[in-house]
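Asker: Residue numbers (my numbering): 1 to 151. My questions all concern the structure below.
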């Protein structure tokens, strides 16, 4: 999959559009392993907080933090007589997507390519990537967020 970014890079004083390529996509069920109970806002926050460390283990050669597209958290109605004892029930979309993107169009002769890990959540396994996720990826500041690999 390729995404055309609206930002432009300067190459030999010419402005050309930048294209990023989806190189790798790993997907998993967000609540796989949750045997009993409901997901909660507290568990969800912990899951988001754990993402940078997990990404460092998956991609140790990429020294920049992943870009995490904040998921929409949906409240879960709990029908017990008392409040849910383990926190405020809420869920993320059911699939976590960890993607590695690269750009081979680099305007500096000292660099071969740039790369970025992007994490998002969606309701179904990709592909396709949800339209609102593609829109957010398109709006990223690639120069600021990506890691540049030297020749």
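We treat Cβ as the ideally placed atom computed from N, Cα and C, and that holds for glycine. This one's a predicted model, so the numbers in the text were calculated from it and none came from an experiment.
Closest by CA to residue 25, which one among 98, 142 and 147?
Answerer: Out of 98, 142 and 147, 98 has the C-alpha closest to the C-alpha of residue 25.
Asker: Tell me residue 59's beta-bridge partners as DSSP assigns them.
Answerer: Its beta-bridge partners do not exist; DSSP assigns none.
Asker: Helix, strand or coil, according to DSSP, for residue 138 in the structure here?
Answerer: Residue state, collapsed to three classes: helix.
Asker: For residue 116, write down the residues that DSSP places opposite it in a beta bridge.
Answerer: Its beta-bridge partners are 101.
Asker: If residue 48 sits next to residue 94, beta carbons under 8 Å apart, how far is it from one beta carbon to the other, in whole angstroms?
Answerer: With 8 Å as the limit, residue 48 and residue 94 do not qualify as a contact, their Cβ atoms being about 15 Å apart.
Asker: When the Cα atoms are used, what is the spatial distance from residue 145 to residue 84?
Answerer: Roughly 39 Å separates the two Cα atoms.
Asker: Measuring only the C-alpha atoms, how far is residue 81 from residue 31?
Answerer: Going from the Cα of residue 81 to the Cα of residue 31 covers about 25 Å.
Asker: Three Cβ pairs or more, each shorter than 8 Å: is that satisfied between the region 111-121 and the region 57-71?
Answerer: Touching, yes, given that three or more Cβ pairs across the two stretches are closer than 8 Å.
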